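Following the numbering used here, the residues of the sequence shown are numbered contiguously, the last one being 336. Glycine residues also receive a C-beta, built at the ideal position from the N, C-alpha and C atoms. Computed from a predicted model, the values in this text were never measured in an experiment.
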Amino acid sequence: MSISKTHRRVFLAIGALAAMAQMLPISAQAQSNYPTRPIRFLVGFQPGGSADAVARFTAAEMSKVLGQQVVVENKTGASAHVATQALLSAPADGYTILFAGLTLATNPPLMDNLGYDPDKDLQMVSQLTAMPVVVIVRSDSPLNDLKDLIATAKSKNGLLKFGSGGIGTSSHLGPELLSRVSGFKYTHVPYRGGAPALQSVFSGETEVLFDTAVTPLHRSNLEAGKIKFLGIMQETPLPYLPSVKSAGQQGIPAVAFMRSWQGVAVRSGTPPEIVSKLHASIVKAMSNKELVEKMASSVGVEVQTSVTPADFQKLYKDELTRWTALIKAAGIKAEQ
């Protein structure tokens, strides 16, 4: 090899190393300056629903904290799966975030062709809310508590009708979980959403509904004497509904307890510095007392953030394990 060729290769190598050295500070600076443009907040649910409301309240406060607009985009379809796929098709740069709900833990076992690995492709950022699961019947129902419900379901041997907002939703998995723990059969009647499922209780088409959150609609119907609550599927009662006994107070085993949740996720591979900044912005946004009151009064959810992204990641993995086991044991499949 000639000296000139050797020198040329050395110079090329030095030039490449210099270019890489210049790029690294730029990348680090881009992360430290994040965000420098608006952030897309993908929501897999219809505008006007409770999930959409939570997302928009959150986005407005995050925009103030981050100094850039967080813009909600509704991408509905396939139990929020369309929105998840849109996230995974975008760069892992923190400029596309996802409204994370229980569907992220239920879609994997429900769908035959998921198209991604939930253990590897999603990074949780922070929980936003926790939602109690309440058991609702019409006010003239002979059922008065969860023990009545279990005894009646056993006596009817599968004929007691439970409505739900759809296959694999919280309102479907709640009674499925309780039935397996308590040893009764039931008839599942799925509807396209929580509103028609609640209406089915009013009309008498169904007799029982497990529903998430205690919304203004629930409260107004409770006060009007149209519905009553048999219990709340958790250890302790709700502070704002002290007269309604929790499942724990009624002797229901803890394995049947259930609380739904909402949060924010990004695509795996998003720089840790950006994940941390998003997490910090969410925690600060959700500490706004006015927002907390608005979430409770208009949507019926409790604001609850994660101490770290790792904490929310653990919650997600635990929920994925729990609901995968139940869905597979029950043989539940998504609607085709």
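Can you tell me which of the three DSSP states residue 161 falls into?
Along the sequence shown, one-based indexing puts residue 161 at 161. Secondary structure of residue 161 (DSSP, three-state): strand.
By how many angstroms is the C-alpha of residue 159 removed from the C-alpha of residue 188?
Translated into positions along the sequence shown, residue 188 becomes position 188. Translated into positions along the sequence shown, residue 159 becomes position 159. Whole-angstrom Cα-Cα distance: 9 Å.
How far does the beta strand (DSSP E) with residue 73 in it extend, from its first residue to its last?
On the sequence shown, position 73 is the one that residue 73 refers to. Per DSSP, residue 73 is one residue of the beta strand (DSSP E) stretching across 70 to 74.
Taking the alpha carbon of residue 264 as the point to measure from, which residue in 184, 285, 246, 148 has its own alpha carbon closest?
On the sequence shown, position 264 is the one that residue 264 refers to. For the residues 184, 285, 246, 148, the minimum Cα distance to residue 264 belongs to 285.
Could you check what DSSP says for residue 260 in three-state terms: helix, strand or coil?
Position 260 of the sequence shown, counted from the first residue, corresponds to residue 260. Residue state, collapsed to three classes: strand.
So is residue 247 buried or exposed if we call it buried at 16+ other beta carbons inside 10 Å?
Translated into the one-based positions of the sequence shown, residue 247 becomes position 247. Counting other Cβ atoms within 10 Å of its Cβ, residue 247 reaches 16 or more and is therefore classed as buried.
Would you list the residues sitting across from residue 207 in a DSSP beta bridge?
For the purposes of this step, residue 207 is taken as the residue at position 207 of the sequence shown. Answer is none; residue 207 lacks a bridge partner.
What is the DSSP secondary structure of residue 219, reduced to helix, strand or coil?
Taking the sequence shown and counting its residues from 1, the one referred to as residue 219 is at position 219. When secondary structure is reduced to three states using DSSP, residue 219 falls in the helix class.
Give me the Cα-Cα distance between residue 333 and residue 41, rounded to the nearest whole angstrom.
Looking up residue 333 in the sequence shown gives position 333. Looking up residue 41 in the sequence shown gives position 41. For residue 333 and residue 41, the gap between their C-alpha atoms comes out near 28 Å.
Within this structure, are the beta carbons of residue 51 and residue 320 separated by less than 8 Å?
Counting from one through the sequence shown, the residue named residue 51 turns up at place 51. Counting from one through the sequence shown, the residue named residue 320 turns up at place 320. The answer is no: Cβ separation not under 8 Å.
Simplified DSSP assignment, three categories, for residue 224:
What you label residue 224 is simply residue 224 of the sequence shown in a count that begins at 1. Residue 224: coil per DSSP, three-state reduction.
First and last residue of the uninterrupted alpha helix (DSSP H) at residue 174:
Here residue 174 corresponds to residue number 174 of the sequence shown, with the count starting at 1. For residue 174, the uninterrupted alpha helix (DSSP H) run begins and ends at 170 to 182, by DSSP.
Say whether the stretch 172 to 192 touches the stretch 265 to 275, bearing in mind that this needs 3 or more beta-carbon pairs closer than 8 Å, one atom from each stretch.
Under the 8 Å Cβ criterion, the stretch 172 to 192 does not count as touching the stretch 265 to 275, having fewer than three qualifying pairs.
Determine the DSSP secondary structure at residue 118, reduced to helix, strand or coil.
Counting from one through the sequence shown, the residue named residue 118 turns up at place 118. Three-state DSSP puts residue 118 in coil, outside helix and strand.
Distance between residue 37 and residue 328 (C-alpha atoms, nearest Å)
If you number the sequence shown from 1, residue 328 lands on position 328. If you number the sequence shown from 1, residue 37 lands on position 37. The alpha-carbon atoms of residue 328 and residue 37 are separated by roughly 43 Å.
Can you list, in chain order, the stretches of the alpha helix (DSSP H) that have 4 or more residues and sit fully within the stretch 90 to 146?
Those alpha helix (DSSP H) runs which fall completely within the stretch 90 to 146 and span 4+ residues are 103 to 110.
Could you check how far apart the C-beta atoms of residue 55 and residue 270 are, in whole angstroms? I think they sit under 8 Å.
Residue mapping note: residue 55 aligns to position 55 of the sequence shown, counting from 1. Residue mapping note: residue 270 aligns to position 270 of the sequence shown, counting from 1. Between the beta-carbon of residue 55 and that of residue 270 there is about 19 Å, and that puts the pair past the 8 Å contact cut.
Residue 37 by DSSP, collapsed to three states: which one?
Against the sequence shown, residue 37 aligns to sequence position 37. If DSSP states are grouped into helix, strand and coil, residue 37 belongs with coil.
Which residues bound the beta strand (DSSP E) around residue 255?
Translated into the one-based positions of the sequence shown, residue 255 becomes position 255. For residue 255, there is no enclosing beta strand (DSSP E), as DSSP marks it with neither H nor E.
Mind checking residue 48: buried by the 16 CB within 10 Å criterion, or exposed?
As a first step, residue 48 must be located in the sequence shown, where it is residue number 48. When all chains shown are included, residue 48 counts as exposed.
Leaving out five residues before and five after residue 184 in sequence, what residues of the same chain have Cβ atoms less than 7 Å from its Cβ?
Along the sequence shown, one-based indexing puts residue 184 at 184. Excluding positions up to five away in sequence, the list reads 150, 153, 154.
Identified DSSP bridge partners for residue 303
The count along the sequence shown starts at 1 and reaches residue 303 at position 303. Residue pairing by DSSP places residue 303 opposite 129 in a beta bridge.
Distance, Cα to Cα, residue 25 vs residue 118?
For the purposes of this step, residue 25 is taken as residue 25 along the sequence shown, with counting starting at 1. For the purposes of this step, residue 118 is taken as residue 118 along the sequence shown, with counting starting at 1. Its pLDDT being 49, under 50, residue 25 is placed unreliably in this model, and the value from its coordinates should be taken loosely. If I take the Cα positions, the gap works out to 32 Å.
Looking at the unbroken beta strand (DSSP E) that takes in residue 187, where does it start and where does it end?
Here residue 187 corresponds to residue number 187 of the sequence shown, with the count starting at 1. 187 to 190 is the extent of the beta strand (DSSP E) around residue 187.
Can you tell me whether residue 213 is buried or exposed? The criterion is at least 16 other CB atoms within 10 Å of its CB, across all chains shown.
As a position in the sequence shown, residue 213 is number 213, starting the count at 1. Counting every other CB atom within 10 Å of its CB across the protein chains shown gives residue 213 a total of 16 or more, marking it as buried.
Would you identify the three-state DSSP class for residue 201, choosing helix, strand or coil?
Start at 1 with the first residue of the sequence shown, and residue 201 comes out as number 201. DSSP places residue 201 in the helix class (H, G or I) of the three-state scheme.
Residue 12, DSSP secondary structure in three states:
Taking the sequence shown and counting its residues from 1, the one referred to as residue 12 is at position 12. Residue placement at residue 12 is poorly supported in this model, since its pLDDT is 49, which falls under 50; the coordinates are not used for a value here.
Report yes or no: do three or more beta-carbon pairs, one from the stretch 287 to 306 and one from the stretch 75 to 93, lie closer than 8 Å?
No, the stretch 287 to 306 is not in contact with the stretch 75 to 93.
So, residue 57 versus residue 230, is the Cβ gap smaller than 8 Å?
Position 57 of the sequence shown, counting from 1, holds the residue named residue 57. Position 230 of the sequence shown, counting from 1, holds the residue named residue 230. Not closer than 8 Å, so no.
Secondary structure of residue 194, DSSP reduced to three states:
In the sequence shown, the residue the question calls residue 194 occupies position 194. Helix.
Using 10 angstroms around the beta-carbon of residue 21, count the other beta-carbons present and answer buried if the total reaches 16, otherwise exposed.
Taking the first residue of the sequence shown as position 1, residue 21 is located at position 21. Any answer about residue 21 is weak, because its pLDDT of 49 lies below 50 and its placement is not dependable; what the coordinates show is given next. Answer is exposed; the Cβ neighbour count stays below 16.
Pick helix, strand or coil for residue 238, following the three-state DSSP scheme.
On the sequence shown, position 238 is the one that residue 238 refers to. Here residue 238 carries a coil assignment [DSSP, helix/strand/coil].
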